[in-house]
Every structure is written in structure tokens, then in C-alpha cells.
Amino acid sequence: MGHALVTGASRGMGLEWCRQLARRGDRVVLTARSAGKAEAAAARLAEEGLEVLPRVLDVGDEASMAALAGRLREELGHLDLVVNNAGINPKDAKAPGVFESTFQLAKLDPDEVLRCIRLNGVMPVVLVKHLLPLLEAAEQPLVLSISSWLGSIGAKTMGGHYGYATSKAALNMMNRAMALQLKEKGVAAVVVNPGWVQTDMGGAKAELTPERAIGGMIANVVEKVGLEETGEFFQWDGSRHPW
Ligand SMILES: NC(=O)c1ccc[n+]([C@@H]2O[C@H](COP(=O)([O-])OP(=O)(O)OC[C@H]3O[C@@H](n4cnc5c(N)ncnc54)[C@H](OP(=O)(O)O)[C@@H]3O)[C@@H](O)[C@H]2O)c1
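Residue numbering for the sequence shown follows the numbering used here, beginning at 156 and increasing consecutively.
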């Protein structure tokens with residue numbers, strides 16, 4: 156197995172990615188936006204007998220990306236898998252009015268919509284810009300970015316969600332644009348809908364446990380796809396997702 160990096164791994168699906176990748180034998184870089192959060196998450200996995208490298212990465216901040224990339228070039232030399240998992244959903248914002256400002260037309264706030272598009276849609280590709288030398292040094296590198304059914308234009312049946320849905324649609328296009336450029340460098344990049352998953356974001360009523368969703372993405376996407384499938388949009392079970 157190889158070297159893997161996961162963003163937004165303080166909790167939720169990111170932590171489960173690290174758990175399952177470490178279990179299959181990968182050397183895992185568990186990243187979170189503060190050292191305290193990364194170390195706390197790594198300590199939880201250590202209690203289960205799993206060793207990971209806790210590192211700081213704020214996906215909203217290019218300086219943080221550059222610093223980590225430089226450090227990992229020294230420490231690991233290459234990355235076989237990058238999981239762009241970190242994300243925000245305005246419905247989870249603690250500040251009052253944020254959800255409405257990206258959901259209701261009458262209250263639409265362009266800055267809040269753009270904040271979501273920046274973090275969820277653009278920064279995952281900016282991270283790849285910084286990690287590219289590490290990916291190019293791997294034999295069969297893969298970038299897997301977590302999208303959503305809400306990012307599918309064809310499958311959208313409910314109004315609203317201007318910020319979150321548009322951010323994931325932007326991610327889908329950003330990834331495709333990047334994937335077609337990176338193909339000649341041997342780096343594959345796909346987007347995946349993880350399903351509706353029981354996390355802080357998904358809520359307790361969600362259909363899938365993180366164990367099942369991440370297990371499905373590892374078995375059906377990470378271990379199956381390569382350059383032939385680069386730029387495509389998958390479901391967590393490995394089937395194709397409508398655009
Ligand atoms: N749950 C679902 O049903 C569902 C469905 C479709 C897609 N998704 C997507 O799946 C991914 C994971 O979601 P989740 O359900 O696990 O959400 P979650 O429980 O809310 O966790 C979100 C993670 O992202 C991190 N994060 C947020 N902003 C960050 C930043 N600037 N830099 C680094 N990390 C940051 C959070 O860190 P902190 O602890 O520091 O806040 C946290 O670790 C997201 O991209 C989400 O959009 C989720």
C-alpha cells in the first residue's frame with residue numbers, strides 16, 4: 156500500500172478515511188485545520204492501534220498548503236492518494252442567517268455563496284497544484300475529491316442550496332478541467348458522491364454509516380479507477396453519477 160493524504164480529518168468522513176486507509180496498510184497523513192485537532196484525531200486512531208501522521212492543513216489557506224507540501228516532500232517524497240474531503244455546508248454555520256443567505260432567493264448574499272464555492276469548489280484543485288510534485292513522484296497517483304448529489308445539475312430536483320450545490324457543481328468542473336490536464340502527467344482525478352452519510356453534516360437520520368460509505372469508496376473507486384476513468388463522477392458504490 157502507499158502514501159495517502161486526507162483533508163478535513165478531524166471528524167466525520169475524513170477521520171473514517173484515515174482509519175480505513177491506515178487499516179489497509181497505507182501510511183496516512185491525517186490533516187486538520189489546527190495542530191490540536193489533527194493530534195486529537197490521531198490520538199483516537201492510536202487508541203485503536205492505528206498510527207497516522209497528524210499534520211496541519213487549512214484548505215482555505217494557500218500558505219498552509221505550501222508549508223505542508225514542502226514538509227511532505229522531505230518526509231514522504233511521494234503521495235499515491237489525495238482525498239479532498241474537507242468541506243463546509245452553510246446549513247451547519249453557527250452564525251444566524253448564513254444558511255438563509257445561501258438558500259433563500261430573497262436573502263441571497265453573494266459573499267456567502269462565493270465563500271462556499273471557494274472552499275468546496277476551488278481550493279481542492281489549488282491543493283493539487285501544491286501537491287503535484289509529490290503526486291508525479293508516485294507510480295499510479297489518484298486524487299479523489301468528495302462531491303455530492305447536490306452538485307449534479309441533471310439530478311437536481313429541489314430548489315435553493317445556491318451556495319452548497321453550486322460549490323459541488325464547481326468542484327465537478329474544476330476537477331474535470333484539472334483531470335484532463337493532468338492525464339499526460341499520469342495523475343488520475345475523479346469526483347465521488349459519498350451518499351447521505353451519518354456525520355455532523357449528514358445528521359443522524361442519514362442512510363449510510365461512515366464505515367459503509369468509505370469502505371465502498373475504497374473498494375469500488377480507490378482500488379478500481381485509474382487514468383482510463385480520469386475526470387469522471389462516481390457514486391460511492393462505484394457506479395457512474397449523472398452530471
Ligand atoms: N455527510 C453527508 O451526507 C455528505 C453528503 C455529500 C457530500 N458530503 C461531503 O463530504 C465531505 C465530508 O463531510 P462530513 O459529512 O464528514 O462533514 P463534517 O462532519 O461536517 O466534517 C467536515 C470536515 O471538514 C473540515 N473542514 C472544514 N473547513 C475546513 C478547512 N478550511 N480546512 C480544513 N478542514 C476543514 C472540518 O474541520 P473542523 O473540525 O475544523 O470544522 C471537518 O473535519 C464534505 O466535503 C461534504 O461536503 C457529505
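Each residue gets a CB set at the ideal place from its N, CA and C atoms; glycine is no exception.
Closer than 6 Å: residue i CB and nearest ligand 1 heavy atom
i: T354; result: yes
i: M313; result: no
i: G191; result: no
i: P349; result: yes
i: G163; result: yes
i: A241; result: yes
i: G370; result: no
i: D213; result: yes
CB contact flag (residue i, residue j, <7 Å)
i: L185; j: C173; result: yes
i: A368; j: P349; result: yes
i: G381; j: A343; result: yes
i: A177; j: L212; result: no
i: S165; j: A187; result: yes
i: A193; j: L170; result: no
i: E387; j: V345; result: yes
i: C271; j: P245; result: yes
i: A241; j: G163; result: yes
i: M329; j: V253; result: no
i: Q175; j: I301; result: no
Identified DSSP bridge partners for residue i
i: Q390; result: N348
i: N244; result: None; N244 has no bridge partner.
i: I301; result: V347
i: P209; result: L185
i: V237; result: L160, V298
i: R395; result: F389
i: L148; result: Limits of the chain in this structure are 156 at one end and 398 at the other, which puts residue 148 out of reach.
Cα-Cα separation, residue i to residue j
i: D392; j: V377; result: 11 Å
i: D319; j: A198; result: Note that residue 319 is Tyr in the sequence shown here, rather than Asp. Y319 and A198: Cα-Cα distance of roughly 31 Å.
i: M220; j: S303; result: 24 Å
i: R395; j: L200; result: 32 Å
i: Q256; j: S307; result: For the sequence presented, residue 256 should be read as Ser rather than Gln. Going by the C-alpha atoms only, they are around 21 Å apart.
i: R273; j: E339; result: 27 Å
i: A361; j: V352; result: 5 Å
i: P209; j: L299; result: 20 Å
i: G341; j: L260; result: 43 Å
i: L305; j: R182; result: 32 Å
i: P365; j: N375; result: 15 Å
i: G370; j: V283; result: 24 Å
Pair every Cβ in the region 227 to 238 with every Cβ in the region 284 to 294, then say whether three or more of these pairs are closer than 8 Å. yes
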